[in-house]
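Data first, discussion second: the structure below is written as structure tokens.
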Amino acid sequence: MLNVFNQLRYNESFVDVTLAVDGRVLKAHKMVLSACSPYFQKMFEMTPDKHPVVFIDRVHYQDMKRLLEFMYRGEVSIDQETLNRFLKVARSLRIRGLTEIEEPVSNAVPGKTREPRGRKKPRKLPREPYVPGTQKEPRGPRAAGRRWGGGGHRIGEECG
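Heads up: the sequence shown begins at 0 in numbering that gives the first Met the number 0, then just goes up one per residue.
Listed below in structure tokens is the structure:
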């Protein structure tokens, strides 16, 4: 079944979401992203768009491309020097199989993750996606200088 989804992705058959990453785009299927990530699942449940564009901030294109490869193929090869950065992105997007997910999908909220047990150090959490027309635009230092609009959503966490 994974081979079928992977083939559909490469042929761009039935793709229904565009990920804008690092000035480039990746096309995918909402169903696959939702199955692999409660973060994406909750986002798509909140978004009525038939083909949303999701802007992913502060993530390297190659890291997102490799995450998609993992989601579609169930495996991925990562260089040792980029492994920590890759896993940090996987944690921020809550990718099943690469991170520990401690709560059921029905309770998952984008941008809210639980700290692994025993970990005391605070960390930045990805902000919730901005959905035009459903909530106020983000304010504050993290939103300063950002261009919003175009029916897209922004997600992301500092990755290096």
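Even for Gly, the Cβ is constructed at its ideal location relative to N, Cα and C.
Nothing here was measured: the structure is a model prediction, and the numbers come from that model.
Which of the three DSSP states, helix, strand or coil, is assigned to residue i?
| i | result |
| --- | --- |
| LEU25 | strand |
| THR81 | helix |
| PRO37 | helix |
| ASP62 | helix |
| VAL14 | coil |
| GLU74 | coil |
| LYS87 | helix |
| GLU68 | helix |
| GLN6 | helix |
Determine the contact status of residue i and residue j, defining contact as a CB-CB distance below 9 Å.
| i | j | result |
| --- | --- | --- |
| LEU86 | TYR38 | no |
| VAL16 | PRO51 | yes |
| TYR167 | VAL14 | Since the first residue shown for the chain is 0 and the last is 159, residue 167 is missing from the structure and cannot be characterised. |
| ARG84 | ALA34 | no |
| VAL53 | LEU18 | yes |
Between the Cα of residue i and those of the options, spot the shortest distance and give me the residue it belongs to.
| i | options | result |
| --- | --- | --- |
| THR98 | ASN5, MET30 and LEU66 | LEU66 |
| VAL58 | VAL75, VAL20, ASN83 and CYS35 | VAL20 |
| GLU80 | ASP62, VAL3 and CYS35 | ASP62 |
| ASN2 | VAL88, LEU82, ARG90 and GLY73 | GLY73 |
| ILE55 | ILE77, ALA89 and MET45 | ALA89 |
| LYS49 | LYS29, GLU11 and ARG8 | LYS29 |
In terms of DSSP beta bridges, what is residue i paired with?
| i | result |
| --- | --- |
| THR98 | ARG95 |
Closest Cβ-Cβ distance between residue i and chain D: below 9 Å?
| i | result |
| --- | --- |
| ARG72 | Among the chains of the structure shown, chain D does not appear; only one protein chain is present. |
Is the segment 63–82 in contact with the segment 20–27, if contact means three or more CB pairs nearer than 8 Å?
yes
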